[in-house]
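Structure first, commentary second.
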Amino acid sequence: MVKIKITVRGMVQGVGYRYYCYKQAIVLDIKGYVRNLNNGDVEIEAEGNANEINEFIKQAELGPKFSKVNSVSLVKSPYEGKYSKFSIL
Numbered sequence: 000m001v002k003i004k005i006t007v008r009g010m011v012q013g014v015g016y017r018y019y020c021y022k023q024a025i026v027l028d029i030k031g032y033v034r035n036l037n038n039g040d041v042e043i044e045a046e047g048n049a050n051e052i053n054e055f056i057k058q059a060e061l062g063p064k065f066s067k068v069n070s071v072s073l074v075k076s077p078y079e080g081k082y083s084k085f086s087i088l
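Each residue of the sequence shown is one higher than the one before, counting from 0 in numbering that gives the first Met the number 0.
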């Protein structure tokens, strides 16, 4: 089990990016949150099995149809188990 924090930059607000991440997280049994930041980026904190987290990262890099992901920064940290579901904040 692992925990990650992702910051996604690009055209990722107002294009369904958070809902896209939410759907991916549900399918992959990922717990955590996704939220818009004031500077136009999106922040994701996610916990789960390493294989599913890796797939989630790939999906976050792709984004939904109308988004344009320019960059993704990723920080891995020890699993904490502090989330019971995945939420859009």
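Positions of the beta carbon are idealized from the N, C-alpha and C atoms, including for glycine.
Boundaries of the alpha helix (DSSP H) harbouring K57: 49-61, taken from the DSSP string. Assignment of V71 by DSSP, reduced to helix, strand and coil, places it in the strand class.
For K84, there is no enclosing beta strand (DSSP E), as DSSP gives it neither H nor E. The beta-carbon separation of P63 and G15, rounded to 5 Å, stays under the 8 Å limit for a contact.
At a cut-off of 4 residues, the continuous stretches assigned as alpha helix (DSSP H) that sit fully inside the stretch 7-32 are 16-27. E46 places its beta carbon less than 7 Å from that of Y78.
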